[in-house]
Amino acid sequence: MKILEQCYDVEEFDLSDVLNEEDDPEVFKNAIYFDLEHYVYKKPVCIGIFGCCYYDENLNKLIITQYMIENKYEVHTLLLMAKDYFQKMYSELKKKYIVTFSGNNDFTVINYLFNKYKIDFDIKNYFKEIDLQKEFAKISNNKENIGLKNLEKIAGINRKNELMSGVTIAKTFAKIIKDRDYINRVPEEKINKILNYNLDDVINLFYICVKWKKIKKFVLEGKHLEDKEDSEDIS
1092 MKILEQCYDV
1102 EEFDLSDVLN
1112 EEDDPEVFKN
1122 AIYFDLEHYV
1132 YKKPVCIGIF
1142 GCCYYDENLN
1152 KLIITQYMIE
1162 NKYEVHTLLL
1172 MAKDYFQKMY
1182 SELKKKYIVT
1192 FSGNNDFTVI
1202 NYLFNKYKID
1212 FDIKNYFKEI
1222 DLQKEFAKIS
1232 NNKENIGLKN
1242 LEKIAGINRK
1252 NELMSGVTIA
1262 KTFAKIIKDR
1272 DYINRVPEEK
1282 INKILNYNLD
1292 DVINLFYICV
1302 KWKKIKKFVL
1312 EGKHLEDKED
1322 SEDIS
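The C-terminal residue of the sequence shown carries number 1326 in my numbering, and the numbering is unbroken.
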């Protein structure tokens, strides 16, 4: 199991731009930002990478946690670690929201696997979900089923790492599940590329939240992105 704990300095942002939820102006402080890389074959098989972060106001940093399986025997362990992480965020850090992008897919996968492995936990009993794709649909009158990368462009967010397709990531974890020694043969560069892709997804959920009013202004002014992203990079 790869376990990564990282801290990133937060770029300056304007509090007047942050996303509010039911008149709560501190969603960005009270949320965790959640994204999975997973493998599904007819039914969910595994979570390859669990990625989550939160904003530490005292440090003015994002605290990012990633768990990545290295063989099929770690699938159950990762789920237990995910449960522990969520419980800590709720009980110790008093987080109230879970921010996702098109989160139904990730929730379907993790809830299916929690049930399969008889882990008694339901994320939505602890956190209120804020799905940024659905939030964008509200302000754009459902005109655009926007992808994450296009939403990042509207917010003026530049990805730090290389893009990958969900298909490529899923195929990698399919091999990890089927071949215990595959992790020893796959280039370290490829593993880091997948981890960094997930890292960008998680971090950028935070930055979209704190730049939300800028996104809303973009929509209200009737602007459109010229470049449309590839469908494989929607989430």
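The beta carbon of each residue, even a glycine, is placed where N, CA and C say it ideally should be.
Discussion item. Taking its Cβ as the centre, do 16 or more other Cβ atoms sit within 10 Å of Gln-1224, making it buried, or is it exposed?
Written reply: On the sequence shown, residue 1224 is found 133 positions in, with the first residue counted as 1. It counts as buried.
Worksheet entry | Supposed close pair Asn-1151, Val-1101 - CB separation, criterion 8 Å | Counted from its first residue, the sequence shown places residue 1151 at position 60. Counted from its first residue, the sequence shown places residue 1101 at position 10. Contact holds; Cβ gap of about 5 Å.
Worksheet entry | Nearest-angstrom Cβ-Cβ length linking Phe-1104 and Lys-1229, presumed shorter than 8 Å | Sequence index remark: in the sequence shown, residue 1104 carries index 13 (1-based). Sequence index remark: in the sequence shown, residue 1229 carries index 138 (1-based). Incorrect: roughly 22 Å between the Cβ atoms, too far for contact.
Worksheet item: Between which two residues does the beta strand (DSSP E) carrying Met-1159 extend?
Response: The residue given as residue 1159 occupies position 68 in the sequence shown. Where Met-1159 is concerned, the enclosing beta strand (DSSP E) stretches over 1152–1159.
Item to complete: Could you tell me which residues DSSP puts in a beta bridge with Pro-1135?
Response: On the sequence shown, residue 1135 is found 44 positions in, with the first residue counted as 1. Paired residue(s): Val-1131.
Fill in: Classification of Gly-1313 by the beta-carbon crowding that lies within 10 angstroms, buried from 16 upward
What you label residue 1313 is simply residue 222 of the sequence shown in a count that begins at 1. It is exposed - the Cβ of Gly-1313 has fewer than 16 other Cβ atoms within 10 Å.
Fill in: Top-ranked residue by Cα proximity to Met-1092, from Phe-1297, Lys-1240, Ser-1182, Ile-1267
Residue 1092 sits at position 1 when you count from the first residue of the sequence shown. Taking each of Phe-1297, Lys-1240, Ser-1182, Ile-1267 in turn and checking the Cα distance to Met-1092, the smallest one comes out for Ile-1267.
Worksheet item: Thinking just about the alpha-carbon of each residue, which of Arg-1276, Glu-1280, Lys-1308 is nearest to the one in Asn-1252?
Response: Counted from its first residue, the sequence shown places residue 1252 at position 161. Per the Cα distances, Glu-1280.
Fill in: Selected residue, minimal CA-CA separation from Ile-1160, among Lys-1307, Asp-1270, Glu-1112, Lys-1304
Here residue 1160 corresponds to residue number 69 of the sequence shown, with the count starting at 1. When each option's Cα is compared against that of Ile-1160, the closest is Asp-1270.
Discussion item. Among the candidates Tyr-1203, Cys-1098, Lys-1244, Phe-1205, whose CA atom is the shortest distance from the CA of Cys-1144?
Written reply: Looking up residue 1144 in the sequence shown gives position 53. Checked all of Tyr-1203, Cys-1098, Lys-1244, Phe-1205; the closest Cα to Cys-1144 is Cys-1098.
Item to complete: Give every residue of the same chain whose Cβ lies closer than 8 Å to the Cβ of Lys-1120, excluding the five residues on either side of it in the sequence, and list them in chain order.
Response: By one-based count along the sequence shown, residue 1120 stands at place 29. Counting only Cβ-Cβ distances below 8 Å, and skipping sequence neighbours, we find Tyr-1146, Glu-1148.
Discussion item. Can you tell me whether Gln-1157 is buried or exposed? The criterion is at least 16 other CB atoms within 10 Å of its CB, across all chains shown.
Written reply: In the sequence shown, counting from the first residue as 1, residue 1157 sits at position 66. Gln-1157 should be labelled buried.
Worksheet item: Run through DSSP, which three-state label would Gly-1142 get?
Response: To locate residue 1142, count along the sequence shown from 1; it is residue 51. Reduced to three states, the DSSP call for Gly-1142 is strand.
Discussion item. In the DSSP output, which residue or residues are listed as bridge partners for Glu-1220?
Written reply: Residue 1220 sits at position 129 when you count from the first residue of the sequence shown. Answer is Ile-1189, bridged to Glu-1220.
Worksheet item: Who are Glu-1096's beta bridge partners in DSSP?
Response: Position 5 of the sequence shown, counting from 1, holds the residue named residue 1096. Paired residues: Thr-1156.
Fill in: the segment 1205–1216 contacting the segment 1162–1175, beta-carbon criterion three pairs below 8 Å
yes
Item to complete: Output the residue ranges of the alpha helix (DSSP H) runs that lie fully inside the segment 1229–1308 and measure 4 residues or longer, sorted by chain position.
Response: 1239–1246, 1257–1269, 1273–1276, 1279–1301
Worksheet item: Just to confirm, are Ile-1306 and Ile-1260 a CB contact at a threshold of 8 Å?
Response: Residue 1306 sits at position 215 when you count from the first residue of the sequence shown. Residue 1260 sits at position 169 when you count from the first residue of the sequence shown. Going by C-beta atoms, Ile-1306 is not nearer than 8 Å to Ile-1260.
Practice prompt. Return the residue from the list Tyr-1217, Asp-1197, Pro-1116 that minimises the CA-CA distance to Ser-1182.
Written response: For the purposes of this step, residue 1182 is taken as residue 91 along the sequence shown, with counting starting at 1. Distance check between Ser-1182 and each of Tyr-1217, Asp-1197, Pro-1116 places Tyr-1217 closest, using alpha-carbon atoms only.
Fill in: Assigned secondary structure, Glu-1113 (DSSP; H/G/I helix, E/B strand, else coil)
If you number the sequence shown from 1, residue 1113 lands on position 22. Coil.
Practice prompt. Check whether the Cβ atoms of Gly-1142 and Leu-1290 sit closer than 8 Å, and answer yes or no.
Written response: Here the question's residue 1142 lines up with position 51 in the sequence shown. Here the question's residue 1290 lines up with position 199 in the sequence shown. Contact: yes.
Fill in: Cutoff 6 Å; reference Leu-1095; Cβ partners in own chain excluding five residues on either side
Counted from its first residue, the sequence shown places residue 1095 at position 4. Gln-1157.
Discussion item. Pop quiz: Leu-1296 and Tyr-1124 are said to be a contact at Cβ under 8 Å. What is the actual Cβ separation, rounded to whole angstroms?
Written reply: As a first step, residue 1296 is located in the sequence shown; it is residue number 205 there, counting from the start. As a first step, residue 1124 is located in the sequence shown; it is residue number 33 there, counting from the start. The Cβ separation is near 4 Å, so the contact holds.
Discussion item. Within a Cβ cutoff of 8 Å, which residues of the same chain sit near Lys-1219, ignoring the five residues on either side of it in sequence?
Written reply: In the sequence shown, the residue the question calls residue 1219 occupies position 128. Taken in chain order, the residues that qualify are Glu-1112, Lys-1187, Tyr-1188, Ile-1189.
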